[in-house]
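Report on one structure; see the data block that follows.
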Amino acid sequence: MAAQLTRPATDPSCRVLGLRERKKQRTRDALVDAAHQLFLSQGYARTTVDEIAAAVDVSQRTFFRYFANKDEVALAILADAEDHFVANLGARPATENPLQALRNAIVQTWRELGTARETTGSSSITAALELLQLIEDTPTLLAAHLRRITEQERIVAGILAEREGLDPAADLRPKVLAAVFGGVLRSAHLSWSAGDAPVGDAGPEGMITIIESHFDQLGPALAGDWR
């Protein structure tokens, strides 16, 4: 029998690796936060990679170890939230139909991010809400964001197909529903950016209210008699 190569948890090298990974995560988070603050204070176009790196006291080379370009660091906050949503969608119970799973997963995601802010002091949820407005005001970011939405639709369609035991190449329903979901969510985000959040609630619960109101109209919009 081959020798077991897995290091025990008490091996010092395991602890070093854990420390190294935590340090890398802190550097990444610091770059994301610095970039976000610079984008909000002086605009996306006027902010350079050098300025972002300098704000964290790292080199430009270090920046590019974490992000390919300015677009990627700008959208990192939403990318993390999207990854959280995908994980939540994959974990939704099989008793929910696909639309219920999508709706519950996105509401769960916003609510969990909001709870994390309250319990840890994290500003990620506030930054995500601010970023939605920045995206709409910045054509370069909007184009990159729309590309990400397209990729997310592909991932969501795959999850839905797997949940329902379908072949997405032969059954178009997962792709169609993923596209509809993406459209409803974008419409909700645009409403939030336009200031349609409930009075006094511009945080995650305000966003959830807008998202749910849009989903409430999905059935009537698709099947209802508009006249």
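Mapped onto the UniProt record's numbering, the consecutive letters of the sequence shown carry residue numbers 1 to 227.
Yeah, the Cβ is synthetic: ideal placement off N, Cα and C, and Gly gets one too.
By the DSSP assignment, the alpha helix (DSSP H) with Asn88 in it spans what residues? Locating residue 88 in the sequence shown gives position 88, where the first residue counts as 1. Unbroken alpha helix (DSSP H) run through Asn88: Ala76 to Ala91.
Alpha carbons only, please: which of Gly158, Asp57, Pro98 and Gln133 is nearest the one belonging to Ala34? Counting from one through the sequence shown, the residue named residue 34 turns up at place 34. If we check each option's Cα against that of Ala34, Asp57 comes out closest.
Would you call Gly114 buried or exposed, if buried means 16 or more other Cβ atoms sit within 10 Å of its Cβ? Locating residue 114 in the sequence shown gives position 114, counting from the first residue. By the 10 Å Cβ count, Gly114 comes out buried.
Are three or more beta carbon pairs between the region 129-142 and the region 61-68 nearer than 8 angstroms? no
Among Lys24, Arg26, Arg22 and Ser41, nearest to Glu130 - alpha-carbon criterion: In the sequence shown, residue 130 corresponds to position 130, counting from 1. Taking only the C-alpha atoms, the option nearest Glu130 is Ser41.
What number of angstroms, rounded off, separates the C-alpha of Thr109 from the C-alpha of Gly219? Counted from its first residue, the sequence shown places residue 109 at position 109. Counted from its first residue, the sequence shown places residue 219 at position 219. Going from the Cα of Thr109 to the Cα of Gly219 covers about 23 angstroms.
Find out if the Cβ-Cβ distance for the pair Leu185, Ile106 is shorter than 8 angstroms. Counted from its first residue, the sequence shown places residue 185 at position 185. Counted from its first residue, the sequence shown places residue 106 at position 106. It is a contact, given that the beta carbons lie within the stated cut-off.
Sub-8 angstroms separation of Ala39 and Ala68 beta-carbons: Your numbering for residue 39 matches position 39 in the sequence shown. Your numbering for residue 68 matches position 68 in the sequence shown. A small fix is needed here, since residue 39 is Phe in this sequence, not Ala. No, they are not a contact pair.
Given that a residue counts as buried once 16 or more other Cβ atoms are within 10 Å of its Cβ, and exposed if not, what is Ala194? As a position in the sequence shown, residue 194 is number 194, starting the count at 1. Ala194 should be labelled exposed.
Cα-Cα, which of Leu31, Leu160 and Pro168 is closest to Pro93? On the sequence shown, residue 93 is found 93 positions in, with the first residue counted as 1. With distances taken between Cα atoms, Pro93 lies closest to Leu160.
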